[in-house]
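Notes follow once the structure below has been shown.
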């Protein structure tokens, strides 16, 4: 594989996103997220002792993982896959397929890297980064890159949510969020130390459980260490969405206290 020119890749990414109006707060949010994920992939790969070539490739996969978000917002004015289409599939179309005739920018994987040797690995890291589970048939090398992108994505989603209001994220006010309860499927996922599936989230409070459960499925020790170091998981535990008031229902608050205590204990041992 030829060396990856990070400056060239950054320039290609900027050229593409500039066409989607980088001053739009929602576009700016995804641009910032992209750079954070790329740097997280770099940091984890470096700490895990990967080769310099694979560190660069991990960084590039992180940079490209959300390429579909910009077309998603342009076409549907939403970042919700359920209300549009899979942003991962859109990303594959942008980089490896045909760009729509009305797209404000035309992009290809060749704008980022000349050598096609790792195309299938890059494609997989984008295609599967938001799936609940990775396909079983992935080879070990491809899986390792998919894992590192998924780790980086989870780590930075926690930062993004910790910096956001509940209205921005869930479209409900604080009172509505605090009046919600934890559903049994979401609590079962927490107790099983796994992520919460989309169909297991019924109430606003379940979204919070899903977020903190990200920690359970970070694959690499360096990913867990980075998440602890950055501290966003602790912000979510201490004041989710910046909210310091307790849940309205004492039983719900007691459950949240249990989840927080168990997560803190797990973080010490992780």
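In the numbering used here, the protein residues as written are 32 to 301. From the three backbone atoms N, C-alpha and C, an ideal C-beta is built for every residue, glycine too.
For residue j and residue i, the rounded distance between their alpha carbons
{"i": "residue 225", "j": "residue 241", "result": "9 Å"}
{"i": "residue 283", "j": "residue 249", "result": "27 Å"}
{"i": "residue 236", "j": "residue 95", "result": "31 Å"}
{"i": "residue 179", "j": "residue 143", "result": "19 Å"}
{"i": "residue 160", "j": "residue 277", "result": "34 Å"}
{"i": "residue 55", "j": "residue 229", "result": "28 Å"}
{"i": "residue 253", "j": "residue 220", "result": "23 Å"}
{"i": "residue 149", "j": "residue 43", "result": "18 Å"}
{"i": "residue 172", "j": "residue 301", "result": "24 Å"}
{"i": "residue 114", "j": "residue 181", "result": "22 Å"}
{"i": "residue 297", "j": "residue 279", "result": "27 Å"}
{"i": "residue 231", "j": "residue 164", "result": "15 Å"}
{"i": "residue 294", "j": "residue 71", "result": "22 Å"}
Selected residue, minimal CA-CA separation from residue i, among the options
{"i": "residue 89", "options": "258, 169, 239 and 37", "result": "37"}
{"i": "residue 45", "options": "56, 57 and 66", "result": "66"}
{"i": "residue 8", "options": "211, 245, 212 and 267", "result": "The requested residue 8 is not part of the displayed model; the chain covers only 32 to 301."}
{"i": "residue 218", "options": "105, 51, 136 and 233", "result": "233"}
{"i": "residue 191", "options": "42, 151 and 63", "result": "63"}
{"i": "residue 238", "options": "214, 129 and 86", "result": "214"}
{"i": "residue 93", "options": "57, 168 and 40", "result": "40"}
{"i": "residue 53", "options": "135, 299 and 222", "result": "135"}
{"i": "residue 287", "options": "211, 263 and 168", "result": "211"}
Backbone secondary structure at residue i - three-state DSSP
{"i": "residue 79", "result": "coil"}
{"i": "residue 45", "result": "helix"}
{"i": "residue 93", "result": "helix"}
{"i": "residue 129", "result": "coil"}
{"i": "residue 35", "result": "coil"}
{"i": "residue 101", "result": "helix"}
{"i": "residue 119", "result": "helix"}
{"i": "residue 52", "result": "coil"}
{"i": "residue 73", "result": "helix"}
{"i": "residue 108", "result": "coil"}
{"i": "residue 134", "result": "coil"}
{"i": "residue 301", "result": "coil"}
Report yes or no: do three or more beta-carbon pairs, one from the stretch 183-195 and one from the stretch 247-266, lie closer than 8 Å? yes
Write down every uninterrupted run of the alpha helix (DSSP H) in the stretch 219-288 whose length is 4 residues or greater and which is fully enclosed by it, in chain order. 235-244, 252-261 and 263-269
How do the stretch 263-278 and the stretch 190-206 stand: do at least 3 beta-carbon pairs fall below 8 Å, yes or no? yes
At a cut of 8 Å, does the stretch 121-135 reach the stretch 154-168 through at least three beta carbon pairs? yes
Are at least three pairs of beta-carbons, each pair with one atom in the stretch 100-108 and one in the stretch 76-85, less than 8 Å apart? no
Which complete alpha helix (DSSP H) runs does the stretch 136-224 hold, if anything under 4 residues is left out? 150-158, 171-193, 197-201, 205-210 and 215-222
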